[in-house]
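Student: Going by my numbering, the first residue of the sequence shown is number 247, and it counts up by one from there.
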Amino acid sequence: MVSRRSFLRANGVVLAAGGLGLTLQGPAAARTSPTAPLLPNFGRPSHLDFADISTLHGNDQLLLTTLQGVVNRRRPRLYFNYDAAGYDQRWLSSTGAAVTRHDRPLDLVARYRAEVRGAILHDPDVPDSVNVATTLAGLESAVAATAEQAAAHGLRTVVDLRGRFDPADVLATYRWQLDQLFPRCTHTLLAGLPPTRTVRVDGVQWRELARETERVRDSSNRAVRTFDLSQELPTAQDGVYLRFQDSLGDDGWGASVGSVKVSADGTQIAAFTPGTDAEAPYLFDGLNSAIGGDDNRFADGGNYFVYRFTAPAGARQLLVEVDLWNQYLVTAATTAPTRVEPFPYFRDYAVATRAMVFWLPPTGGTGELLDEIFGRVEPATPYAGWFSNDVAGEWGGVDRASQHGVEVVPADYYMNATVHAGVSAEISDRVRPRPPARLRNRVYLTLTIGEGDNIQYCQRRMREIWDDPKRGGVPVNWTVSPLLADIGPALLAYYQRTATADDLLVAGPSGAGYTYPGSWPAAALAAYTQLTGRFLRRTGMDLVYGYNHRKPDGDGWVAFDERIAAAYRRDTPVRGIIQSWETGDLLIDPAGLPVIGNFSPQGKAQEYRDTLVRRIEGWDGGEPLFIACAVNAWNWTPSDIAELAGLLADPFEIVRGDTFFALLGEHLSGGRGAS
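1) May I ask whether a heavy atom of the ligand MG can be found less than 7 Å away from the beta carbon of P763?
2) Does DSSP put S292 in a helix, in a strand, or in coil?
3) So, using beta-carbon positions, are R408 and D448 closer together than 8 Å?
4) Output the boundary residues of the alpha helix (DSSP H) element that contains F473.
5) Give me the Cβ distance between Y760 and Y793, rounded to the nearest whole Å; I'm assuming they're in contact under 8 Å.
6) Leaving out the 5 sequence neighbours to the left and right, which residues in its chain are closer than 6 Å to H666 when beta-carbon positions are compared?
7) Locate the beta strand (DSSP E) running through Y574, then write down its first and last residues.
8) From T857 to D699, what distance separates their C-alpha atoms?
9) Please name the residue, chosen from H913, A578, S826, that lies closest to G802 on a Cα-to-Cα basis.
10) In the structure shown, what three-state DSSP assignment does G258 receive?
11) Go through its chain and collect everything with a Cβ distance to A391's Cβ below 6 Å, but skip five positions before and after it.
12) Report all residues from its chain with a CB closer than 7 Å to the CB of W605; omit the five preceding and five following residues, and keep chain order.
13) Return the CA-CA distance between D523 and S670, expressed in angstroms with no decimal places.
14) Determine the extent of the alpha helix (DSSP H) in which E653 is found, giving its start and end residues.
15) Count the other CB atoms within 10 Å of the CB of A256; is the residue buried (16 or more) or exposed (fewer)?
16) In the segment 367–454, which residue ranges form an unbroken beta strand (DSSP E) of at least 3 residues, counting only runs that do not cross its ends?
17) If distances are taken between C-alpha atoms only, which option among D645, A545, L284 comes closest to F620?
18) Is the Cβ-Cβ distance between L367 and Y325 less than 8 Å?
19) Would you report the Cα separation of A414 and G843, rounded to the nearest angstrom?
20) CB-CB under 6 Å to W452, same chain, minus the five flanking residues each way: which ones, in chain order?
21) Y553 by DSSP, collapsed to three states: which one?
22) Cα separation between G504 and Q491?
23) Once you ignore the five residues that flank P681 on each side, which residues in its own chain have a CB closer than 7 Å to its CB?
24) Identify the residues that DSSP records as bridge partners of D788: which are they?
25) Take every Cβ of the segment 685–692, pair it with every Cβ of the segment 802–812, and state whether three or more of those distances are shorter than 8 Å.
26) For the putative contact between M661 and Y328, defined by C-beta atoms under 8 Å, what is the C-beta separation to the nearest angstrom?
27) Report the three-state DSSP secondary structure of G504 (helix, strand or coil).
28) The alpha helix (DSSP H) with M708 in it runs from where to where?
29) D749 by DSSP, collapsed to three states: which one?
30) Determine the direct distance from the alpha carbon of L401 to that of Y553, and round the result to whole angstroms.
31) Per DSSP, what kind of secondary structure is H913 in: helix, strand or coil?
32) If you draw a straight line from the alpha carbon of F473 to that of V566, how long is it in whole angstroms?
33) Less than 8 Å separating the beta-carbons of V689 and I823?
34) Which of the three DSSP states, helix, strand or coil, is assigned to P628?
35) Going by DSSP, what residue range makes up the alpha helix (DSSP H) through E614?
36) Need the endpoints of the beta strand (DSSP E) that Y325 sits in, please.
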């Protein structure tokens, strides 16, 4: 989700950055040059000023991150730790730079004030002005700040956005930016970042109202349930907060709400369906939830959503009727559980590259404007960031991008990108030697951990589970973004260097950036597969975990066809593709390229094993059976995988993906298994 610089040409651009000549080359140039970066860097860091900013307010983090973008554009010198988990500190040593630690992060503004022209003032009443301010910060070599921050740090006002935009007209805000600023921005990178984030408030007391203790994934417990919030009324100065969560957060089937009715002392005061205008006044925090196909709002895993209801003065009874199903946990509180702040992450890279930053849901009028933006860039231009509305936003957003020949780089939580992109690291281009194997009448199982296209996952969650001491005991495929060769070479080098004989790095969907190849214009698909081929050869990967667009009715995916498979065969070293499929009932070889659909059992090890056993009930053992299984990266660890392996006895055999496809290819070509 991010971008790059200021003056542009169609195939490449030369930027004068603070007196330094910096050549930034776009996708068209990258396709013709084997060395030109798709995602630029700003030089190798030699000395870094480091500060922990994890406890700072979002306004201060925004100020410092945009400062980082301006400063690091000339030479990487600022590096921050953004959260209590300390992921950024974990990677600090890999930069190879000398480090000076600062206990007072905001003192760095004064230290580097001479390198910025001043401040772009965003409007606290217009959240999306944060994105416009970020775009302008990149163009004007300034920081994004509030008026109070600018005064406190002695920063002159370069542009004041207060009062310029209508808070209710998001389209007009981004239309102005597209018309007025995009001509000055880089056209070889687009950035999609949410303008705000929600931060949990400590010390909130929640009262549990209802909890589903069984694993319900089929809506079979759907019913209208009434919650009495009357006891919250005496202390509800700002309203009563009703929170919906996943009671069993390990399998992705959390609370789902279809409708809400609220009454006070017998009089209805609210009624709405999720996702409609009627819901908006009551949805206090919905950023961690999504709208489903039944016009329902849901939240899975560790996510949640919160409604706020205010009863008339003097009311003694407050009842809420909720159409509710699946694995719900419902709680109530009288204190605001979250606050809204600017979303600060990845803006250093957006500022440094002078990219246009926007946040447009891929539906309705905002979706049409998103189409227009995508239509203004060349094929194989990366869109770095993400989309709103989680799952539905992903499907709609990636599909819209694909229709315009734009690949997505999930990066909205990728920190210190301006530093990591320039770190010197030796990335191996050698394909891993494949373990010897003989085709037999077995159930060959390969396990693939997803999410690797997401470079923030590669920086954060993947490092956490990779360091699990149980890793290396079971063959596992780890999806990873080959684009890390540009924007995080030390990260990729670390995984290559520390991989065991059981760890295989494979490209996340669907190669050089997340995309749906079937949605690409026919004339543009080669731009993507050629780019993918270049990055796979550079990183020694020859397997891809792929996605394609969904069927028109939304029920399942469209399989890779001859056109897509032929492009991969022609332009890449790929020997096989695991396609996201969930049900596992796909095995084809278009254009001679084996494509197998993944199988996605739910739950942890025992339930996963039981599902696999049921899956092979019709198998008679007369020939090999191949199953490509997905592993949930957010809920599973190598310890869980080791537990699963211990539960799988004969006839299952777990193999690495390269062995899996070698045996599958032999089977498809007529090889006979021997028991």
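Even glycine gets a Cβ: it sits at the ideal position worked out from N, Cα and C.
Keep in mind the model is a prediction, meaning the values are calculated, not measured.
Tutor: In short, the structure shows the following:
1) You won't find the ligand MG in this model; it holds no ligand whatsoever.
2) One-based indexing of the sequence shown puts residue 292 at position 46. It is coil, neither helix nor strand.
3) Here residue 408 refers to the residue found at position 162 when the sequence shown is read from its first residue. Here residue 448 refers to the residue found at position 202 when the sequence shown is read from its first residue. Contact flag unset, no.
4) Residue mapping note: residue 473 aligns to position 227 of the sequence shown, counting from 1. Run containing F473: none in the alpha helix (DSSP H); it sits in the beta strand (DSSP E), 469–474.
5) The sequence position of residue 760 within the sequence shown is 514, counting from 1. The sequence position of residue 793 within the sequence shown is 547, counting from 1. Contact holds; Cβ gap of about 7 Å.
6) As a first step, residue 666 must be located in the sequence shown, where it is residue number 420. If we look at H666 and ignore the five residues flanking it on each side, its Cβ neighbours are G734.
7) Residue 574 sits at position 328 when you count from the first residue of the sequence shown. Start and end: 574–579.
8) Mapped onto the sequence shown, residue 857 falls at position 611. Mapped onto the sequence shown, residue 699 falls at position 453. Going from the Cα of T857 to the Cα of D699 covers about 27 Å.
9) If you number the sequence shown from 1, residue 802 lands on position 556. Among H913, A578, S826, the Cα nearest to that of G802 belongs to S826.
10) One-based indexing of the sequence shown puts residue 258 at position 12. Reliability of the predicted coordinates at G258 is poor, the pLDDT of 27 falling under 50, and no value is obtained from them.
11) Looking up residue 391 in the sequence shown gives position 145. Contacts found: L309, A365.
12) Residue mapping note: residue 605 aligns to position 359 of the sequence shown, counting from 1. Correct list, in chain order: D374, N377, G438, L439, P440, P441, S634.
13) The residue labelled residue 523 in the question sits at position 277 within the sequence shown. The residue labelled residue 670 in the question sits at position 424 within the sequence shown. The straight-line gap from Cα to Cα measures roughly 50 Å.
14) By 1-based counting over the sequence shown, the position of residue 653 is 407. First-last for E653: 652–656, but that is the beta strand (DSSP E), not the alpha helix (DSSP H).
15) As a first step, residue 256 must be located in the sequence shown, where it is residue number 10. Reliability of the predicted coordinates at A256 is poor, the pLDDT of 26 falling under 50, and the value obtained from them is presented with this limitation in mind. Exposed.
16) Complete beta strand (DSSP E) runs here, min 3: 389–391, 403–406, 436–438, 442–446.
17) Within the sequence shown, residue 620 is the residue found at index 374, counting from 1. Nearest option by C-alpha distance: D645.
18) Residue 367 sits at position 121 when you count from the first residue of the sequence shown. Residue 325 sits at position 79 when you count from the first residue of the sequence shown. No.
19) Here the question's residue 414 lines up with position 168 in the sequence shown. Here the question's residue 843 lines up with position 597 in the sequence shown. Roughly 44 Å separates the two Cα atoms.
20) Taking the sequence shown and counting its residues from 1, one reaches residue 452 at position 206. T577, A579.
21) Counting from one through the sequence shown, the residue named residue 553 turns up at place 307. If DSSP states are grouped into helix, strand and coil, Y553 belongs with the strands.
22) Walking along the sequence shown from the start, residue 504 turns up at place 258. Walking along the sequence shown from the start, residue 491 turns up at place 245. One C-alpha to the other measures close to 14 Å.
23) Within the sequence shown, numbered from 1, the residue matching residue 681 stands at position 435. Excluding residues within five positions, the ones whose Cβ falls inside 7 Å are R902, T905.
24) In the sequence shown, counting from the first residue as 1, residue 788 sits at position 542. In the DSSP output, where bridge partners are listed per residue, D788 has none listed.
25) Pairwise C-beta distances place the segment 685–692 out of contact with the segment 802–812, as fewer than three of them are shorter than 8 Å.
26) On the sequence shown, position 415 is the one that residue 661 refers to. On the sequence shown, position 82 is the one that residue 328 refers to. Confirmed, about 5 Å.
27) Within the sequence shown, the letter at position 258 stands for residue 504. DSSP places G504 in strand when its eight states are reduced to three.
28) By 1-based counting over the sequence shown, the position of residue 708 is 462. Where M708 is concerned, the enclosing alpha helix (DSSP H) stretches over 707–712.
29) What you label residue 749 is simply residue 503 of the sequence shown in a count that begins at 1. DSSP places D749 in strand when its eight states are reduced to three.
30) Here residue 553 is taken as the residue at index 307 of the sequence shown, counted from 1. Here residue 401 is taken as the residue at index 155 of the sequence shown, counted from 1. Rounded to the nearest angstrom, the two C-alpha atoms are 39 Å apart.
31) If you number the sequence shown from 1, residue 913 lands on position 667. Shown here, H913 sits in a helix according to DSSP, grouped into three states.
32) Within the sequence shown, residue 473 is the residue found at index 227, counting from 1. Within the sequence shown, residue 566 is the residue found at index 320, counting from 1. The alpha-carbon atoms of F473 and V566 are separated by roughly 5 Å.
33) Working through the sequence shown from its first residue, we reach residue 689 at position 443. Working through the sequence shown from its first residue, we reach residue 823 at position 577. If you check the CB distance, V689 and I823 do not come in under 8 Å.
34) Position 382 of the sequence shown, counted from the first residue, corresponds to residue 628. Reduced to three states, the DSSP call for P628 is strand.
35) Taking the first residue of the sequence shown as position 1, residue 614 is located at position 368. Bounds of the alpha helix (DSSP H) holding E614 are 610–620.
36) Your numbering for residue 325 matches position 79 in the sequence shown. Element bounds for Y325: 324–327.
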